[in-house]
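Remarks on the structure that follows.
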Amino acid sequence: MAEKLAIAMSGGVDSSVALVLLKDKYEVSGYTLKLHDSRGTDDSGLCGSASDIEDAKAIAAKFGVPHYLLDMRNLFSDTVQKSFVQSYLSGRTPNPCVECNETIKFGALLDAVKKQGINHIATGHYVRSCYD
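In case it helps, UniProt numbering puts the sequence shown at residues 1 to 132.
Here's what the structure looks like:
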């Protein structure tokens, strides 16, 4: 039996390609993070928008991979958003992605998948795109 691997799926090209490249070697599952409550609002352009979640779900289904949605709204608000606001009000120009990567994507996400017997995650982060 193949080793289990979680793919952090944003619904974008990079994480989708990671899924396709890794699904033949590993037993992969897709995980998408719900970071906002988007009911009644246009959240397009935000990480984890409703359309991103639907795209990730559709891509996983297309390739026969189980997909899970992890609700990280409270953690995102309590850590990433609060830190961003505090930094901004202090006159700094914060980068919320740094806090999110450390706390949520490579922290809480890994903790969540470990509870399901998965010890590794792959993402499309830091991909290097080359064009001919």
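Each residue gets a CB set at the ideal place from its N, CA and C atoms; glycine is no exception.
Which of the three DSSP states, helix, strand or coil, is assigned to E27? strand
Got a sec? Which residues, its chain only, sit under 8 angstroms from Y68 by beta carbon, not counting five neighbours each side? S29, G30, Y31 and T32
Of all the options V17, D52 and M72, which has the alpha carbon lying nearest to the alpha carbon of H125? V17
Taking just the CA atoms, how far does E3 sit from E27? 6 angstroms
Which residue wins for smallest C-alpha separation from D71, given the options A61, S83, I53 and V20? I53
Under a Cβ-count criterion, where at least 16 other Cβ atoms within 10 Å of its own Cβ denotes burial, should K62 be classed as buried or exposed? exposed
Taking D55 as the reference, which of L109, N119, Y131 and S10 has the closest Cα? S10
For Y68, the residue or residues it bridges with in DSSP: Y31
Would you mind working out which of T103, T123 and F76 sits nearest L35, comparing C-alpha positions? F76
At which residues does the beta strand (DSSP E) containing I7 begin and terminate? K4 to A8
Starting from the Cα of residue 134, find the closest Cα among C47, L89, T79 and K23 and give me that residue. Here the chain covers residues 1 to 132 and nothing more, so residue 134 does not appear.
Looking at P96 and V85, is the spacing between their C-beta atoms short of 7 angstroms? no
Cβ distance (whole Å) where K105 is taken to contact A8 below 8 angstroms: 6 angstroms
Can you have a look at S90 and say buried or exposed, based on whether 16 or more other CB atoms are within 10 angstroms of its CB? exposed
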